[in-house]
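What follows is a single structure, written as structure tokens, with notes after it.
Residue numbers (the working numbering), protein chains in the order written: chain A, 47 to 266; chain B, 2 to 483.
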């Protein structure tokens, strides 16, 4: 296969993204999880820049800027501040042990590529081959949310899922229109603030950020 | 211009109440803004009846009979809820459950929540629709945990995570729609506008749109509370302040269903197969059955009526899924009467809970002895929601059932059994709460029961007689999906 240089770069970025998604899944330390999340944002931003540069889509430069500011700087900084103030560092407990989680992850990736196949067929973008990876990283973040016991990793999983969706948008359509992207960014930012408020409320009430405390409401 | 007014008023209300929401007169300010929004919404509705659908502000917003009817309903129920919330929240504050800051948050977010719902209804852009739906979750999530009890924190966390994950699916669906539309309409904003999408719906790539609909249905369906994605709903309704339960149940679920129905109309045009309708019927029927069987096991009165909301939203989804003029008409009528009846029930239940100091059904007894209006309000509201004639719910359920018998007869036994089980469960519980020896006490602030009877009177009227302009309005909306 003979791909242009930019397409090769984009594929490289996509595989980095998949790598980071797996790294997050296997990570036990919460601080490293936040660094990985920032790295994911950085790769996303670089990918958007490459797509913007190689296709000449001016609005993608703006969305790369938003990604840089929001996902590489503000959100990791907010999360970092939160865990410093809540004084938690080695806090990741998983429900299923990590090797099994990784195996489930691999199955998810295969499923994602199958799901992406009929859609990518119709795409005319140079990024179409990466749609499978985009869906895979959404599913892997989802898996991370399900398997983590503590509140902070769940939230990072949630934000990583949004990153995956953003990647899906750039790989199928060169990104959503600007108004929508700004709206989504605003929602994500407000959402993170609310999560922060929640962490404090949960801590105040239960003295820990363990989600097991939040499993009392059940049908009997 | 008219549209802008409908949106600007609640937003301004949210900002002003963020500053003065803790003052003594905040509840009146809240009602005032909701009343002005209602007036603007009515004006917009009159305009649509006169001129037909139109777009505004560079095609950013659009109104047609379908969304303007929901706008009017949303504004109306928001207004009556503020009337109910005035004495209700004062009683809560008198019990020492709320600090001034919490009151400020509550009043401000109530208006912001109204704004996000109206934005979701009025926007022409499916991307903005998504943003507004997410914002509606964000506005209410801190209200669900307003009391800071362990249970309310858990409910809010569940609500946030489940709806967040759900709505992420809807974003993926939106991306797929954009992807399909971009090939026909070219890149840029136009490919996300309902008005443009409907124009080219038969040219959109069917495989992509079929997949997109699955994601949109699962995503927005989580917010509608369709089984098996309904887990957040009873918790959030039971643990939040009752005015919020009333608007969540009466309005937010409708708005989420609106998103699903609009997507269905688009996907139907592209696919030419009944896939979308069948999926909606499946999810709807499952919700009706699951909710009906959970109803009998409820011990908490607010959870009881939350499950009843799942049942009714399931029924409405089923009716929209069947499609055709009668079923769509019935579904819209059902949306209206459910929203009016259910919010009325939550108003009564809110005061009943305050009077007895518990949400446990077994401990609420003899409501009609201390305050016959509350007792009879609950009785009549429950009879209405259970589909007793002559209330409007009977009319819509009758139309849905007869259409189902004719076109999808396999579904009728499930529906009839579920409705029967729901009747037995709810009626026996309500009977115990209304009659018998009383456990209720007097409240420091007299409850506002006018909204309850206004709602019930409207539901009664819709059961006996649908005013011609309203019927014409429903029919016009029905044609959009015919």
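Here a beta-carbon is modelled for each residue, glycine too, at the ideal position from N, C-alpha and C.
Keep in mind that this is a model prediction, so the values were computed, not measured.
The C-beta distance from residue 230(B) to residue 126(B) rounds to 25 Å, too long to fall under 8 Å, and the pair is not in contact.
For residue 241(A), the nearest CB of chain B lies under 9 Å from its own CB, placing it at the interface with that chain. In this structure, residue 178(B) sits away from residue 204(B), with a CB-CB distance that is not shorter than 9 Å. For residue 263(B), the closest Cβ of chain A is not nearer than 9 Å. Contact annotation: in the segment 160–173 of chain B, residues whose CB is within less than 8 Å of a CB in chain A are 161, 162, 165, 166, 169, 172 and 173.
Against chain A, a Cβ distance below 9 Å from residue 236(B) picks out 263. Residue 188(B) and residue 171(B) have their C-alpha atoms some 20 Å from each other. Taking C-alpha positions only, residue 156(B) is separated from residue 29(B) by approximately 29 Å. Looking at 481(B), 395(B) and 424(B), the one whose alpha-carbon comes closest to that of residue 466(B) is 395(B).
Closest option to residue 289(B), judged by alpha-carbon separation, among 263(B), 318(B) and 300(B): 318(B). Contact check for residue 131(B) and residue 175(B): beta-carbon distance about 5 Å, within the 8 Å limit, so the pair qualifies.
In the structure shown, the three-state DSSP call for residue 64(B) is strand.
Of all residues in the segment 131–154 of chain B, only 132, 135, 136, 139, 142, 143, 146, 149, 151, 152 and 154 place a beta-carbon less than 7 Å from a beta-carbon of chain A.
Of all residues in the segment 381–415 of chain B, none comes within less than 7 Å of chain A when Cβ atoms are compared. Chain B has a Cβ within less than 9 Å of the Cβ of residue 229(A).
Around the beta carbon of residue 123(A), fewer than 16 other beta carbons lie within 10 angstroms, which makes this residue exposed.
As summarised for the segment 160–248 of chain A, the continuous alpha helix (DSSP H) elements at least 4 residues long and confined to that stretch are 177–193 and 197–219, given in chain order. Put simply, the CB of residue 168(A) is near chain B, with a gap under 9 Å to one of its CB atoms.
Among the residues of chain B, those whose CB is under 8 Å from the CB of residue 211(A) are 169, 172, 173 and 176, following chain order. Assigned with DSSP and collapsed to three states, residue 441(B) falls in coil, not helix or strand. One finds 146, 149 and 154 in chain B with Cβ atoms closer than 7 Å to the Cβ of residue 247(A), taken in chain order. In terms of Cβ geometry, residue 333(B) and residue 67(B) form a close pair [threshold 9 Å]. Taking a cut-off of 8 Å for Cβ pairs, the segment 469–482 of chain B and the segment 110–124 of chain B do not touch, as fewer than three such pairs fall below it. Within the segment 196–225 of chain B, those residues whose Cβ lies closer than 7 Å to any Cβ of chain A are, in chain order, 206, 208, 209 and 212. Each of 378(B), 341(B) and 413(B) was checked against the Cα of residue 393(B), and the nearest Cα belongs to 341(B). Sequence-distant partners of residue 237(A) (beyond 5 residues in either direction) whose C-beta falls short of 6 Å from its own C-beta are missing from its chain. In this chain, residue 201(B) is not harboured by any beta strand (DSSP E), its DSSP state being neither H nor E. Counting only Cβ-Cβ distances below 7 Å, residue 93(B) has no contacts in chain A at all, with the closest Cβ about 18 Å away.
Within its own chain, the residues whose Cβ lies closer than 6 Å to the Cβ of residue 202(A), once the five positions on either side in sequence are excluded, are 79 and 83, listed in chain order. Interface with chain B (9 Å Cβ-Cβ cutoff): residue 165(A) is included.
Judged by DSSP secondary structure, residue 55(B) falls within the beta strand (DSSP E) whose first and last residues are 55–57. Using beta-carbon distances, residue 69(A) does not count as an interface residue toward chain B, since no partner is under 9 Å.
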